[in-house]
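A short write-up of the structure that comes next.
Number of protein chains: 2
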Amino acid sequence: VDAGLPPEPSAAGGADAGLPPEPSGVTELFGLLAYASLVSFFRLTQDAARAGSLDDKAALAGMAAAEFGHFQLLSGGIQALQREPSAAMRPFVEAIDEFHARTTPADWVESLVKAYVSDGIVADFYRMVAQLLDEPTRELVLEVLVDTGQAQFAVARVREAIVSDPRLAGRLALWARRLFGEALGLAQRVMAEHEQLARLLDARAVQPAPVGRMFSQLTDYHAGRMAALGLAV
Amino acid sequence: VDAGLPPEPSAAGGADAGLPPEPSGVTELFGLLAYASLVSFFRLTQDAARAGSLDDKAALAGMAAAEFGHFQLLSGGIQALQREPSAAMRPFVEAIDEFHARTTPADWVESLVKAYVSDGIVADFYRMVAQLLDEPTRELVLEVLVDTGQAQFAVARVREAIVSDPRLAGRLALWARRLFGEALGLAQRVMAEHEQLARLLDARAVQPAPVGRMFSQLTDYHAGRMAALGLAV
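Residue numbers (the numbering used here), protein chains in the order written: chain A, 768 to 1000; chain B, 768 to 1000.
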C-alpha cells in the first residue's frame, strides 16, 4: 500500500464530480494501465540502481523510462476523455501496490527475471486487449505496445548467471512462477472489483475470446519466456 | 561513492584501448554530462517516490524521465566519437556521487528546491557551453538543452509551502545556498581533475568568457531563481 498518499479529494468533489460515470470501461482500463506504468517506472528505477555495471544500470533505467512514456500516453488518453488521470488511477492503487509489495526482488538477478516476465505479460495483455477495443482507444494501446519488449537484454544476463551458478535455476524458476501467479491474481482481483472493465474485456470479445481464454493464452506465452530463460515452468 | 560498481575493466583493456586519447575534451564533456544526467534520473525518481499526491509524483517523475532522455542523447554522442559511454563516464562517478551524497534532500520540499535549483544551473551551464563548441557537438548540447527547464512546477509548490509555514523560508534559503555552493565545488573539482575539459571550456572561449566568468554568470542566474522561490540569496 502506498502509504505516502493522502485521502483522494477528487473522488467526491474533484474535477470529475460533474461527469456521469463513463460506461464503456475505457477510463478504467486507461487508469489501470497508467498506474501500472507509473509504478513500474518507480520499481524498475529502484532495481536499476542496484546494477553492478553502468551498462546494466542504463539498460534497466531505459526500461523504466519507457514505462514513464507509457504513463504519459495513457494519461493523455484519460484527459482526452475529459477525466483526471489521478482520479482514474486511484481505484487501482491498492491492488497494484500490493502486487509489488508481494513481489519485491531479493537481488539483481530476481530484478532481471521480474523485468522480463512482467514486461512480457504486460505486452501480451496489451496485444490481446487491443483486439477488443474500438478506435481511437485501440490506437493508443498499440502505440504503447510498440515500446514494450525492451527486456530482451535480461535474457542473456539471466542465462549467464545460471551458467556460473547452476543452483540459481531452481530459485529463479520458483520466483518466476510466483510472479506469474501474483500477476494473474492481480488481474482477477481487478476484474472482480471493476465491473465495467470486466465487461469491456469480456463482452466485446469476439475473437480470440473472453477473460478466461485470455488467462490461458497468457499462461502459454509465459511458458515460452520461461524456456527462453532456461527455466522450468 | 557508488559502492555497487566493480572496478572498471575498460580503463585499461576495454573497447577504447586501441584509440589515442581524444584531444579536444569533447568525450570528457559528454562523459561528465551523461553521468550527471543518469544520476539525476535516479535521484529525481527517488525523490518523486516521496511525493504526497499522484500529480506531484508524476511531475517529478517527468523531470527524471527527461534526464534519462539526456543521458541517451549524450551516450549516443559518445558512441559517435567511437568511445564507450561507460568508459567516458567512469572518471566522473566519484565526484558526482559525492555531490549527491552531500546534498540529499531531507524532505519533499527540499527535493523540489533541489530539482529547481539544479535543473536551472545545468541549463545555464549547457547554454554557456554551447557557445564554446563547434558543430556537431554544439547541436547535441542544444538538443539536450531544449528539454531542460521542466522544474517550473516546483516554484508554485515551494511558495505555497512557505506561505503555510513561514519558518521554512530560512531553512530553504540555507539549503539553496548549500546546493549552489556544492555545485560550484563540483564544477571546480571536475575542472581541476580534467585538464582537457578545462581547456575546452577555457581556451576556446571567445565571448562570453572563460571559466571564472562562467561561474559569476551562474551566480547571477541562481540569484534570479532564488527570487522566483521567494528566498533570500
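Backbone N, C-alpha and C define an ideal beta-carbon position, used for all residues, glycine too.
Scanning its chain for C-beta atoms nearer than 6 Å, with the 5 sequence neighbours on each side dropped, one finds around residue 940 (chain B) the residues 998, 999, in chain order.
In this structure, DSSP gives residue 933 (chain B) a state outside helix and strand, which the three-state scheme calls coil. Scanning the region 853 to 900 of chain A from its first residue to its last, the whole alpha helix (DSSP H) runs of 4-plus residues come out as 860 to 869, 875 to 897. Separation of residue 793 (chain B) and residue 793 (chain A) (C-alpha to C-alpha, rounded to the nearest whole angstrom) is 49 Å.
For a cut-off of 8 Å, the C-beta gap from residue 874 (chain B) to residue 830 (chain B) is around 18 Å, too long to register as a contact. Distance between residue 818 (chain A) and residue 791 (chain A), taken at the CA atoms: about 42 Å. Residues of the same chain with a CB within less than 6 Å of the CB of residue 883 (chain B), apart from the 5 flanking positions on each side, are 918, 921 in chain order. When secondary structure is reduced to three states using DSSP, residue 811 (chain A) falls in the helix class. C-alpha of residue 864 (chain A) to C-alpha of residue 806 (chain A): approximately 8 Å in a straight line. Around the CB of residue 861 (chain B), fewer than 16 other CB atoms lie within 10 Å, so the residue is classed as exposed. Closer than 8 Å to the CB of residue 812 (chain A) there is at least one CB belonging to chain B.
The Cβ-Cβ distance between residue 897 (chain B) and residue 879 (chain B) does not fall below 8 Å. Residue burial annotation: residue 992 (chain A) is buried, with at least 16 other C-beta atoms found within 10 angstroms of its C-beta. Chain A has no Cβ within less than 8 Å of the Cβ of residue 928 (chain B). The DSSP-derived three-state label of residue 963 (chain A) is helix.
Residues of chain A whose Cβ lies closer than 7 Å to the Cβ of residue 822 (chain B) are, in chain order, 853. Relative to the Cα of residue 943 (chain A), the nearest Cα in the group A:851, A:872, A:962, A:812 belongs to A:872.
Three or more beta-carbon pairs drawn from the region 797 to 816 of chain A and the region 833 to 842 of chain A are found closer than 8 Å, and the two stretches are therefore classed as touching. Identification of chain A residues near residue 892 (chain B) by a Cβ-Cβ cut-off of 8 Å yields none; the smallest Cβ-Cβ distance measures about 22 Å.
In this structure, the beta-carbon distance from residue 949 (chain A) to residue 869 (chain A) falls below 8 Å.
With fewer than 16 other Cβ atoms from the protein chains shown falling within 10 Å of its own Cβ, residue 846 (chain B) counts as exposed. At the C-beta level, residue 826 (chain A) and residue 812 (chain A) stay beyond 8 Å of one another. Of the residues assessed, residue 852 (chain B) falls on the buried side of the cut-off, its CB having 16 or more other CB atoms within 10 angstroms. Residue-level contact by beta carbon fails for residue 981 (chain B) and chain A, as no gap is shorter than 8 Å.
For residue 798 (chain B) against residue 890 (chain B), the beta-carbon gap comes to about 19 Å, at or over 8 Å, which does not count as contact. Chain B places a beta carbon closer than 8 Å to that of residue 825 (chain A), counting this residue as a contact. Shown here, residue 804 (chain A) sits in a helix according to DSSP, grouped into three states.
Contacts with chain A at 8 Å (Cβ-Cβ) include residue 856 (chain B).
Contact of residue 909 (chain A) with chain B is not assigned, every C-beta pair being separated by 8 Å or more. Here residue 808 (chain B) has 831, 832, 834, 835, 838 as same chain residues with Cβ atoms under 8 Å from its own Cβ, once five neighbours each way along the sequence are excluded. Nearest in C-alpha terms to residue 795 (chain B), of all of B:988, B:876, B:957, is B:957.
Residue 960 (chain B) and residue 947 (chain B) have their C-alpha atoms some 20 Å from each other. At least one beta carbon of chain B lies nearer than 8 Å to the beta carbon of residue 805 (chain A). Here residue 822 (chain A) carries a helix assignment [DSSP, helix/strand/coil].
For residue 989 (chain A), same chain residues with a beta-carbon under 6 Å away, outside a window of 5 residues either side, are 947 in chain order. Nearest CB-CB separation between residue 832 (chain A) and chain B: below the 8 Å threshold.
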